[in-house]
Amino acid sequence: CRHKVAFALLKPFMKLYLRVKYGYKAKKYKLEKGPYLLLFNHTTNLDPLMMALSFKGPIYFVTNDDLFNIPVISPIIKYLAAPIAKAKAVRDISTVKACIRIAKEGGNIGIAPEGNRTYSGVLTHVDRAIVKLIKVLKIPVVLYTIKGGFGVNPRFSRKLRKGKMYGEIGRILSADEVKEYSEAEIYDIIVRTLSVDELALKEKYRGKALAENLESAFYVCPVCDDFRVLESHGDHFRCRECGLDVEYTEDLVFRTEDDRFKFRTVAEYYRYQEDFIRKADVMNVTFSDSGIILKEIVKRFRKKFLEGNMSFNREGLRFWNDEKEFIIKYEDILSFAIVYQNTLIINLEKRTFQVSAGPSFNALKYVHLFNQIRNIQEGDTNGFLGI
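Residue 1 is where the sequence shown starts when you use this note's numbering, and the numbers rise one by one after that.
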């Protein structure tokens, strides 16, 4: 079929590109005849291609449906690779049906169970629905780990670092194990196997402006202990309010002479930020940004809707400029999601919008605030923050 031909033709070029650009090496494996469900941790946008280099034959990846909204490119991707579309942060029964069909046809399916690239360098939330899918498919599960991705291509940055990345199988669950193990046991195996400690690799990731755009991941100053507009320049990350100045190093750790800053890693800082938003009085918090572009996704195309400012609180979203205002009530929002580095997706019942801005734009704070408001409304102050 065309997918096998396309994969065979493109594989040598993919291998060379990923080796030169990302320093990536994939261990090769010869799996017995499939189908298989292949799960992998998600650190870069090219993780699916990286995993695919370890195996022969095409893999049908579940991918966010924003990939299908790119004029010219999307039809080509769909023709060559036939990825399975899924709306981010929305349960989609059609995705499950597509996976069942492909498995019955003997095809291999690839999924990043986190559903999101990590901002912190550690495994993010894994939806327990993945175990339901595993039980339905009743096929072997390959757990594949990609190591070094956060070092080479951290989500907060649009610049790559020079370093090493590796890809290898962590574990394979046989069809019998899938049948015998409980859902809780399978979930625990997935989380433990796909968790990667980047610092344990003891690699250096060299580059210019290592801290640049860290503010796209952080919106709370741990010294002020409050929401702040943070900024970065070169290897340094700063708070304008309290004067905090922290260096982010090629060893993936923070360095500062300021005793007020207590964190060594991005993951430690990120956990503090999650705890902070959970304890905050989110019903009285408003986040805002200027210089944003709002687009509506209509029939797989992005239609520019408004350029200007945005704000969000428990009442909902407001977009405005000198000529126009657009308001979305909180209760009309199904979910927020983030694609690429920091593009915000707003899912409504019958409409979908996209918010983009510069590389320092923090879309994460909107996702966290939206989900924590919902958590409180549902009586769960320690619930999932959406990413």
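Cβ atoms here follow ideal geometry from the backbone N, Cα and C, with glycine treated the same way.
8 Å CB neighbourhood of residue i in its chain, flanking five on each side removed
{"i": "Asp332", "result": "Gly316, Leu348 and Glu349"}
{"i": "Lys25", "result": "Arg19, Lys164, Met165, Tyr166 and Gly167"}
{"i": "Tyr29", "result": "Ser54, Phe55 and Ile169"}
{"i": "Phe263", "result": "Pro222, Phe254, Tyr269 and Tyr272"}
{"i": "Arg206", "result": "Arg161, Lys162, Gly163 and Glu250"}
{"i": "Val220", "result": "Asp226, Phe227, Arg228, Tyr272, Gln273, Phe276 and Ile277"}
{"i": "Val72", "result": "Only weak support is given to the placement of Val72: the predicted model assigns it a pLDDT of 45, under 50, and the value that follows is read from those uncertain coordinates. Excluding sequence neighbours, Val72 sits near nothing in its chain."}
Whether residue i touches residue j by CB criterion (8 Å)
{"i": "Tyr36", "j": "Pro113", "result": "no"}
{"i": "Ala211", "j": "Asp235", "result": "yes"}
{"i": "Ala217", "j": "Leu364", "result": "yes"}
{"i": "Thr265", "j": "Phe150", "result": "no"}
{"i": "Leu143", "j": "Ile190", "result": "yes"}
{"i": "Tyr187", "j": "Gly110", "result": "no"}
{"i": "Ile328", "j": "Gly308", "result": "no"}
{"i": "Ala175", "j": "Lys138", "result": "yes"}
{"i": "Val96", "j": "Leu133", "result": "yes"}
{"i": "Val339", "j": "Asn64", "result": "yes"}
Cross-strand partners of residue i (DSSP beta bridge)
{"i": "Val419", "result": "Summary: the structure shown does not reach residue 419, with the chain confined to residues 1 through 387, and so no result is reported for it."}
{"i": "Asn313", "result": "Gly316"}
{"i": "Glu178", "result": "Here residue 178 is Val; the residue named in the question, Glu, does not match the sequence. Bridge partners of Val178: none, in fact."}
{"i": "Ile231", "result": "It is Glu, not Ile, that sits at residue 231 in the sequence shown. Its beta-bridge partners are Arg238."}
{"i": "Val355", "result": "Leu294 and Leu344"}
{"i": "Asn64", "result": "Lys86"}
{"i": "Asp245", "result": "Arg238"}
{"i": "Cys221", "result": "Asp226"}
Below-8 Å beta-carbon distance, residue i vs any chain D residue
{"i": "Phe370", "result": "Within the model displayed, chain D is absent; a lone protein chain is all it includes."}
Residues near residue i in its chain [Cβ-Cβ closer than 6 Å; skip 5 each side]
{"i": "Asn116", "result": "Thr124 and Ile387"}
{"i": "Ser288", "result": "Ser311"}
{"i": "Thr352", "result": "Ile297"}
{"i": "Ser120", "result": "Val266, Ala267 and Tyr270"}
{"i": "Leu214", "result": "Phe156, Ser232 and Phe237"}
{"i": "Leu49", "result": "Met14"}
{"i": "Ser356", "result": "Ile293 and Thr343"}
Own chain partners of residue i with C-beta closer than 7 Å, once the 5 adjacent residues on each side are dropped
{"i": "Leu306", "result": "Leu294, Phe319, Asn321, Lys324 and Phe326"}
{"i": "Gln372", "result": "Ile277, Arg278, Val282 and Leu385"}
{"i": "Asp245", "result": "His236, Arg238, Thr256 and Asp258"}
Residue i (DSSP reduced to helix, strand or coil)
{"i": "Cys239", "result": "strand"}
{"i": "Pro12", "result": "helix"}
{"i": "His42", "result": "coil"}
{"i": "Lys204", "result": "coil"}
{"i": "Glu257", "result": "coil"}
{"i": "Arg271", "result": "helix"}
{"i": "Lys21", "result": "helix"}
{"i": "Val210", "result": "The sequence shown places Leu at residue 210, rather than the Val named in the question. In this structure, Leu210 counts as coil in the three-state DSSP scheme."}
{"i": "Asp289", "result": "strand"}
{"i": "Asp322", "result": "coil"}
{"i": "Lys365", "result": "helix"}
{"i": "Asp47", "result": "helix"}
{"i": "Lys329", "result": "strand"}
{"i": "Lys303", "result": "strand"}
{"i": "Tyr166", "result": "strand"}
{"i": "Ala26", "result": "strand"}
{"i": "Ile373", "result": "helix"}
Residue i Cβ short of 7 Å to the ligand ADP heavy atom set
{"i": "Gly148", "result": "In the structure shown, the ligand ADP is absent, as is every other ligand, since no ligand is present at all."}
Quiz item: Quick one: complete alpha helix (DSSP H) runs, 4+ long, within the segment 89 to 163?
Solution: Correct list: 93 to 104, 129 to 137 and 149 to 152.
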